[in-house]
Amino acid sequence: MATVEKMPMLQAGYDKLTAQLRELKAERPLIVDAIEEARAHGDLSENAEYHAAKERQGQVEATIADLEDKLSRAQIIDPATLSGDKVIFGATVTLLDEDDKPVKYQIVGQAEADAKLGMISYNSPLGRALIGRQVGEEVEVSVPSGDKFYLVDKIEFI
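In the numbering used here, the protein residues as written are 123 to 280.
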């Protein structure tokens, strides 16, 4: 039997997915109403409202199934309970780029990653390069615009 792979995430990420799931489940009856209303208009073969409502229903059901799967495999990690001198999931890392400009990222799960907010997935190229590194180590990351180099300046668990 296949093993179910756990999906590490922070509490905030779990809460965000739960809220999305709640919203989509609340949308279900509205879609059913839209389908019924469109069906009442007659010929379904040329009924754009009907096809749009059915398509939305398919999208919502697929997203609900995906969210339920992620939530069932969630392994919530609280960074405040972690410690150590190496970059691990949940750590907040301050890096110095080639111009010695500090950049700060928190290593999070795929579902909650948002680089604009300083949250990168442990599966991203930079996330993979950082895992296991210590303060003072250099990190090289290949990105579409070329190779980037960083120096690990600080590791925090906040």
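All C-beta atoms, glycine included, are put in the ideal place defined by N, C-alpha and C.
Looking at residue j and residue i, is the spacing between their C-beta atoms short of 8 Å?
{"i": "glutamine 228", "j": "methionine 129", "result": "no"}
{"i": "isoleucine 186", "j": "lysine 138", "result": "no"}
{"i": "proline 224", "j": "aspartate 188", "result": "no"}
{"i": "glutamate 234", "j": "leucine 132", "result": "yes"}
{"i": "alanine 213", "j": "proline 201", "result": "yes"}
So residue i packs on residue j, CB below 8 Å; how close in whole Å?
{"i": "valine 209", "j": "glycine 254", "result": "6 Å"}
With a threshold of 7 Å on Cβ separation, who are the neighbours of residue i within its own chain once the five nearest residues in sequence on each side are excluded?
{"i": "glutamine 232", "result": "Ser243 and Asn245"}
{"i": "glutamate 220", "result": "Phe271"}
{"i": "isoleucine 153", "result": "Ala175, Arg178, Gln179 and Val182"}
{"i": "serine 264", "result": "Pro247"}
{"i": "threonine 140", "result": "Leu193"}
{"i": "proline 273", "result": "The question names proline, but residue 273 is leucine in the sequence shown. So the qualifying residues of the chain are Leu217, Leu218 and Glu260."}
Can you give the Cα-Cα distance for residue i and residue j, rounded to whole angstroms?
{"i": "leucine 248", "j": "alanine 237", "result": "11 Å"}
{"i": "alanine 160", "j": "asparagine 169", "result": "7 Å"}
{"i": "glutamate 260", "j": "isoleucine 157", "result": "57 Å"}
{"i": "serine 205", "j": "leucine 252", "result": "16 Å"}
{"i": "glutamate 171", "j": "glycine 164", "result": "11 Å"}
{"i": "glutamine 142", "j": "valine 215", "result": "28 Å"}
{"i": "serine 166", "j": "glutamate 145", "result": "Reading off the sequence, residue 166 comes out as leucine, not serine. Those two C-alpha atoms are separated by around 28 Å."}
{"i": "valine 257", "j": "proline 266", "result": "26 Å"}
{"i": "leucine 217", "j": "threonine 203", "result": "22 Å"}
{"i": "glutamate 190", "j": "histidine 173", "result": "26 Å"}
{"i": "arginine 250", "j": "aspartate 155", "result": "46 Å"}
Note down, in chain order, each residue of its chain lying with its Cβ closer than 8 Å to the Cβ of residue i, except the 5 sequence neighbours on either side.
{"i": "tyrosine 136", "result": "Leu193, Ala196 and Ile198"}
{"i": "glutamate 149", "result": "Val182"}
{"i": "glutamate 127", "result": "Arg195"}
{"i": "isoleucine 280", "result": "Pro201, Ala202 and Thr214"}
{"i": "aspartate 269", "result": "Glu262 and Val263"}
Within its chain, find whatever has a CB closer than 6 Å to the CB of residue i; leave out the 5 residues flanking it on each side and keep chain order.
{"i": "lysine 226", "result": "Thr216 and Gly240"}
Any alpha helix (DSSP H) of 4 or more consecutive residues that is wholly inside the segment 153–218
170–194
May I have a chain-ordered list of the alpha helix (DSSP H) segments no shorter than 4 residues that lie completely inside the segment 212–259?
Unbroken alpha helix (DSSP H) runs of no fewer than 4 residues, entirely contained in the segment 212–259, are found at 247–252, following chain order.
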